[in-house]
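Per this note's numbering, the very first residue in the sequence shown carries number 27; after that it's consecutive. Every residue gets a Cβ at the ideal spot worked out from N, C-alpha and C, and that includes glycine. Just so you know, these numbers come straight off a predicted model, no measurement behind them.
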Amino acid sequence: GEKYAKKELKKVIILLVATIIILISSIIVISNDQNYKIIYVGYIDNAKSAVLIDNYDSFSTYLEKYSRKIYDEYGNIISTTTDELKKEYDENYFKNNNLAIQYVPTNSGSIKIKWVRTKIKDDTLEIKYDLDVPKIGTMDMNGFIIIVETDKSIKKVR
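What follows is the structure, given as C-alpha cells:
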C-alpha cells in the first residue's frame, strides 16, 4: 500500500519535472527567434530567394518590384500588399537595423506557412520554415515573403 503509493508519487514527480524542463526549453527556443512577418505577395517570377536589405532605398526598390498591386477599374494602382511596410520600416529604422527577406514560392494558394524559425551563426541569419500543404488545393501559383528584423551585425542571409 504505502510503498506503492510512494513509488507512484515519485513517477508523477519525475514526469512533472521532465514536462517543466521541456516547456522551459521550448520557451527559450521560441524567444531566440527574431521578429518576423509573413506577407502574401503572390507568385513572383525570378525572385531572389533570400536577400539582406540594409537601407531604405533598397527596401523601397524591393517592394516596388515584388509587391502585389491592387488596381481600380481604370487600371490605376490604388494600393499594394506592402504599403504598410514602407511606413513601418522607414529610413530611421535602417540606421541601426537590417531586414532579411526570404521569398517562398508555392504552387497553390491553399499552401500556407506553418512555422518560421531563425538561427544566427556569426554574421549569418538562417531562415527555416515549414509549409502546411492541404491534401486538396487550388491550382494557382502563390508566394509569401518572410521579413525578419535584424541588427547591423547580420551581413548574410540564407
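Backbone CA spacing between residue i and residue j [nearest angstrom]
i	j	result
Leu111	Gln128	15 Å
Ser134	Lys178	35 Å
Phe85	Ile79	6 Å
Lys138	Lys37	41 Å
Lys74	Leu89	13 Å
Asp98	Thr107	14 Å
Asp166	Glu34	56 Å
DSSP state of residue i mapped onto helix, strand, coil
i	result
Ser86	helix
Tyr92	helix
Ala31	helix
Lys147	strand
Lys5	Residue 5 lies beyond the range of the chain shown here (27 to 184); nothing can be said about it.
Ile161	The sequence shown places Lys at residue 161, not Ile. Here Lys161 sits in coil by DSSP.
Ile65	strand
Ile39	helix
Lys140	strand
Arg119	It is worth fixing the name first, because residue 119 is Tyr in this sequence and not Arg. Tyr119 falls in the helix class under three-state DSSP.
Close-in-space but distant-in-sequence residues of the same chain around residue i (CB under 6 Å, 5 per side omitted)
i	result
Ser52	Note that Ser52 has pLDDT 40, beneath the 50 cutoff, so the model's placement of it is unreliable and no number is given.
Ile70	Tyr92, Gly169
Gly163	Ser134, Ser136
Val183	Ala76, Leu78, Ala126, Leu151
Pro160	Ser136
Asp109	none
Cβ-heavy atom distance, residue i to the ligand GDP, below 6 Å
i	result
Tyr97	Among the components modelled here there is no ligand, and therefore nothing to report on the ligand GDP.
Best match in the options for proximity to residue i [C-alpha to C-alpha]
i	options	result
Ile65	Arg184, Pro131, Leu151, Thr150	Pro131
Ile153	Gly163, Val174, Val159	Val174
Tyr115	Lys63, Gly68, Gly101, Lys161	Lys63
Asp83	Asn118, Gly101, Asn72, Tyr100	Asn118
Val142	Ile171, Tyr30, Lys29	Ile171
Proximity below 7 Å, CB of residue i to CB of residue j
i	j	result
Phe120	Asn61	no
Lys181	Asp149	yes
Same chain only: Cβ atoms within 7 Å of residue i, ignoring 5 sequence neighbours per side
i	result
Lys95	Ile103, Thr106
Gly68	Arg94, Asn168, Gly169
CB contact check: residue i to chain D, cutoff 7 Å
i	result
Lys121	Given the protein chain composition of this structure (a single chain), no chain D is represented.
Close-in-space but distant-in-sequence residues of the same chain around residue i (CB under 8 Å, 5 per side omitted)
i	result
Asp158	Ile137, Lys138, Ile139, Lys140
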